[in-house]
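S.K.:
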Ligand SMILES: *Cc1c(COP(=O)(O)O)cnc(C)c1O
């Protein structure tokens, strides 16, 4: 793999910290839990989309684009990070926000990530639930091009084979960090949604023969379609990188038992996980992704799924700005 073949902009000081979660490990009685702090990618309160955007914005600039079009749910972390980075490079950002989670909660509709989108001067347009949002974004992009704009369309979550390069790079960065401090990693656990994070990690780990499995914890789809989505993206990403060996379908594993009633809908386990991480470690998770992923990890640990002497790295994908959209839930669950 040779990532420098692809255009990139540098958006944060790498590596992000790799920290031991001593208190959480103690509270759960092992395995050893560490956290890779991709919530600390600096831009606009950070998160995993910044890594993907290094490559996506790199390509947009290489193509001379001045207007970014993207899409997401109303509390999209991806849109917030894209809107901020677009400003940094003097670009206009148009975001299509989907009413994916049916609620009339004022905080959900106007605080958290949406509030920040507005501060970044993002042009927000709303869409009802259930549309093919990537097709909507392409359509909006075509209209803007017809008006003479130079548009670069970024799919939801920045998840295509360009954006996934960010997590190929993260896999390399994490393994190098672990080798430097003599940490043996037995497993990586991460939230998985639009798939670029898990797909990039899998390609990066397979491409370097690290032999470290990744467990994705789903936040939207059932297991089979989620794994299929991640796998298809690993194939596309490996192909972009010119990796000759094929990636085994078995390398893509997702557990989708912690979604609850649907994308963005709070679960009891998520509430417990957010509180536990805050109380034990002083670290903020988010209600839609990392909170549900940590809820899954906690439950699997309680069920005895992992050996006590295993070392698990939880990839913290960020999203704490979304907490302010879920004030009502945390208030009630008090
Ligand atoms: C987007 C997002 C994810 C999911 O990553 P994908 O690459 O879309 O699978 C996880 N956590 C947070 C906080 C996110 O914003």
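Numbering (the working numbering), first residue to last: 387 to 720.
No residue lacks a Cβ here, since even glycine has one placed at the ideal position from N, Cα and C.
Residue range of the alpha helix (DSSP H) that residue 556 falls in?
M.R.: That run of the alpha helix (DSSP H) goes 551-567.
S.K.: Would you report the Cα separation of residue 399 and residue 553, rounded to the nearest angstrom?
M.R.: The alpha-carbon atoms of residue 399 and residue 553 are separated by roughly 15 Å.
S.K.: Residue 538 lies in the beta strand (DSSP E); which residues open and close that run?
M.R.: Its beta strand (DSSP E) spans residues 537-539.
S.K.: Could you pull out every residue in the same chain whose Cβ sits closer than 7 Å to the Cβ of residue 466, ignoring the five residues on either side in sequence?
M.R.: Once the five neighbours on either side are set aside, the close Cβ partners of residue 466 are 430, 499, 502, 503 and 707.
S.K.: Check whether the Cβ of residue 457 lies closer than 7 Å to any heavy atom of ligand 1, and answer yes or no.
M.R.: No, since every heavy atom of ligand 1 falls outside the 7 Å radius drawn around the Cβ of residue 457.
S.K.: Looking at the structure shown, is residue 404 part of a helix, part of a strand, or coil, going by DSSP?
M.R.: Note: residue 404 maps to strand in three-state DSSP.
S.K.: Please state whether DSSP places residue 629 in a helix, a strand or coil.
M.R.: Coil at residue 629, not helix or strand.
S.K.: Taking the alpha-carbon positions, what's the residue 606 to residue 524 distance?
M.R.: Their backbone Cα atoms lie some 22 Å apart in a straight line.
S.K.: Using DSSP with H/G/I as helix, E/B as strand and the rest coil, what is residue 464?
M.R.: Reduced to three states, the DSSP call for residue 464 is helix.
S.K.: To the nearest angstrom, how far is it from the Cα of residue 459 to the Cα of residue 514?
M.R.: If I take the Cα positions, the gap works out to 10 Å.
S.K.: Buried or exposed, going by whether 16 or more other CB atoms sit within 10 Å of the CB of residue 678?
M.R.: With 16 or more other Cβ atoms within 10 Å, it is buried.
S.K.: Curious, which full-length beta strand (DSSP E) runs of at least 3 residues does the stretch 406-475 contain?
M.R.: With a minimum length of 3 residues, the continuous beta strand (DSSP E) runs that stay inside the stretch 406-475 are 418-423 and 453-459.
S.K.: For residue 527 versus residue 638, is the C-beta distance shorter than 8 Å?
M.R.: For residue 527 and residue 638, no; Cβs fall outside 8 Å.
S.K.: Could you give the residue range of the beta strand (DSSP E) that holds residue 698?
M.R.: Note, residue 698: beta strand (DSSP E), 697-702.
S.K.: Residue 699: which of 441, 574, 408 and 536 sits nearest, CA to CA?
M.R.: Nearest C-alpha to residue 699: 574.
S.K.: Residue 463: buried (16+ other C-beta within 10 angstroms of its C-beta) or exposed?
M.R.: Answer is buried; the Cβ neighbour count reaches 16.
S.K.: Just to check my reading of the structure: residue 561 and residue 521 have Cβ atoms closer than 8 Å, yes? What is that Cβ distance to the nearest angstrom?
M.R.: Residue 561 to residue 521, Cβ: 37 Å. No contact.
S.K.: Hey, would you say the C-beta of residue 435 is under 7 Å away from at least one heavy atom of ligand 1?
M.R.: Answer for residue 435: yes, Cβ within range of ligand 1.
S.K.: I'd like the span of the beta strand (DSSP E) that includes residue 597, first residue to last.
M.R.: Residue 597 -> no beta strand (DSSP E), and no H or E assigned at all.
S.K.: What are the boundary residues of the alpha helix (DSSP H) that includes residue 713?
M.R.: Segment 713-718, the alpha helix (DSSP H) holding residue 713.
S.K.: What is the residue span of the alpha helix (DSSP H) that residue 494 lies within?
M.R.: Note, residue 494: alpha helix (DSSP H), 492-496.
S.K.: Over the uninterrupted beta strand (DSSP E) stretch that includes residue 546, give me the two end residues.
M.R.: Here residue 546 belongs to no beta strand (DSSP E), and DSSP marks it neither H nor E.
S.K.: Just tell me which of 690, 590 and 409 has its CA closest to the CA of residue 664.
M.R.: Of the candidates 690, 590 and 409, the one whose C-alpha sits nearest the C-alpha of residue 664 is 409.
S.K.: Tell me whether residue 565 is buried or exposed, calling it buried when 16 or more other Cβ atoms sit within 10 Å of its Cβ.
M.R.: Under this definition residue 565 is an exposed residue.
S.K.: Check the C-beta distance from residue 549 over to residue 438 and give it rounded, since I have them as a contact under 8 Å.
M.R.: 3 Å between Cβ atoms; contact.
S.K.: Please state the DSSP three-state secondary structure of residue 574.
M.R.: Three-state DSSP puts residue 574 in a strand.
S.K.: What would DSSP say about residue 669, mapped onto helix, strand or coil?
M.R.: Residue 669: coil per DSSP, three-state reduction.
S.K.: What does DSSP give as the partner residue(s) for residue 639 in the beta ladder?
M.R.: Per DSSP, 601.
S.K.: Looking at residue 545 and ligand 1, is the gap between the Cβ and the nearest heavy atom below 7 Å?
M.R.: Yes; taking the cut-off as 7 Å, the Cβ of residue 545 has a heavy atom of ligand 1 nearer than that.
S.K.: Let's see if you can read the secondary structure: which residues bound the alpha helix (DSSP H) around residue 683?
M.R.: Run containing residue 683: 676-688, per the alpha helix (DSSP H) assignment.
S.K.: Starting from the Cα of residue 643, find the closest Cα among 484, 624 and 683 and give me that residue.
M.R.: For residue 643, the nearest C-alpha among the options comes from 683.
S.K.: Only counting the same chain, and skipping five residues up and downstream in sequence, which positions put a Cβ closer than 8 Å to that of residue 612?
M.R.: Hits under 8 Å: 578, 581, 602, 604, 606, 640 and 642.
S.K.: If I follow the unbroken beta strand (DSSP E) through residue 530, where does it start and stop?
M.R.: Note, residue 530: premise wrong, no beta strand (DSSP E); alpha helix (DSSP H) at 519-532.
S.K.: Would a C-beta distance cut-off of 8 Å place residue 569 and residue 697 closer than the cut-off?
M.R.: Yes.
S.K.: So is residue 534 buried or exposed if we call it buried at 16+ other beta carbons inside 10 Å?
M.R.: With fewer than 16 Cβ atoms within 10 Å of its Cβ, residue 534 is classed as exposed.
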